[in-house]
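According to my numbering, the sequence shown holds residues 2 to 303 in order. Notes follow once the structure below has been shown.
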Amino acid sequence: MLDRPLTGDVHNGRPLMLHCYFAHKTNKSNPITELPTYDDGKIRIEVRSTKSGCATVDDAEILLYCMSIAAEKLARGEPVKQDFTFTLKDFTRVAGLSQSGSVSKRLGEALERLKETNVKTNVESGRKIYVEGFSWVENYSFDKGKEMMVKGRKRAGKINSVTVRFCDFLWRTVVIDKNLLSYNRDFFELSPLKRRLYELARLHCDNRPAFRISLEALRDRVGTVQELRFFKSDLEAILNENRQNPLLGYTFVIDLGDRRGKKAVLANVVVEFRDASYPATGIEGDVPLIDETYLHDMKASP
């Protein structure tokens, strides 16, 4: 049975926003089969895949779409199972994709990476801490129409619907924890880097107007292995495009610290994010520094 088309906001789970689980891009000739291991002494996240490559930020659109369907079901008081069945038309509408023939191929490749990517972690889910390994999607299937003759050639039937089965980790996050935040609908138009920055800003500015994080910690949260100087340059490029509202309602500044005429020490650079509706001079009180101690003490419940 088809799930209802999505009518409300796009949602994501807070644990998925806090850490980086997805590659920023895919490379068919040289696929990324492993992401940098995250380990702060309490939380550990390992992400590996087969030759198909690790699931990407773009692939995660499918997970966001299904979590959003689940959020609407919960709001209506309906039960949420681990299986979601939806039309390709509604998914492409929400994700802002064209309905060309290539989208079916892209969807198939994305689901394959989501299924082949293995995550091993001890991140809390379902109000418990499990040490577990899982793939984002346990299985998937397409309901296709009959083959058609187009200009004398056989063409595969169009996809009528897609069925995706969530892993236990995602299902617990949605149904037991109900640990979701809404996104700006234009989120899917952002680049992979901007998406990660938006997710962190959305998460940490949910109950406060601003927060600070070291450049190095931000790089780790974003999930890149760039040298700090190149990562800083990418952040500056985003600000050069739109300094007032670069992240759909959020902005940031790069604080180089007290240089006293000297070149900035990258290890001391801090990035301050804030809700764009708050002027920089209008934020009262201390702006919290997001470090590992703060993150472990942070209550992620809505």
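Glycine included, each C-beta is placed from N, C-alpha and C at the ideal position.
DSSP links ASP256 through a beta bridge to VAL271.
Collapsing the DSSP output to three states places ILE214 in a strand.
Within the same chain, and ignoring the five residues on either side of ALA96 in sequence, the residues whose Cβ sits closer than 8 Å to its Cβ are GLU62, TYR66 and PHE189.
Runs of the beta strand (DSSP E) lying entirely within the segment 179-205 and spanning at least 3 residues, in chain order: 181-184.
Distances from the alpha-carbon of PRO289 to those of LYS195, ALA111 and ARG209 put ARG209 closest. About 16 Å separates the Cβ atoms of CYS168 and SER142, ruling out a contact at the 8 Å cut-off. Around the beta carbon of ASP4, 16 or more other beta carbons lie within 10 angstroms, which makes this residue buried.
The Cβ atoms of ILE46 and TYR39 lie closer than 8 Å to each other. The three-state secondary structure of ASN140, taken from DSSP, is strand. The beta carbons of LEU36 and ALA24 sit closer together than 8 Å. Take THR88, set aside five residues on each side of it, and the residues of its chain with a beta-carbon closer than 6 Å to its own are SER162, in chain order. With contacts defined by Cβ atoms closer than 8 Å, ARG230 and LEU194 do not form a contacting pair. For ALA277, same chain residues with a beta-carbon under 7 Å away, outside a window of 5 residues either side, are GLN245, ASN246, GLY250, TYR251 and THR252 in chain order.
Of the candidates LYS116, ALA56 and ASP60, ASP60 places its Cα closest to the Cα of THR93.
Across the structure, TYR22 and GLY102 are spaced so that their CA atoms are roughly 29 Å apart. Straight through space, the alpha carbons of GLU73 and GLY9 are spaced by roughly 7 Å. Distance from LEU64 to LEU198 at the Cβ level is roughly 19 Å; contact not present, criterion being Cβ atoms closer than 8 Å. Unbroken alpha helix (DSSP H) stretches of 4 residues or longer found wholly inside the segment 61-116: 62-76 and 89-96, given in chain order.
Boundaries of the alpha helix (DSSP H) around GLU242: 229-242.
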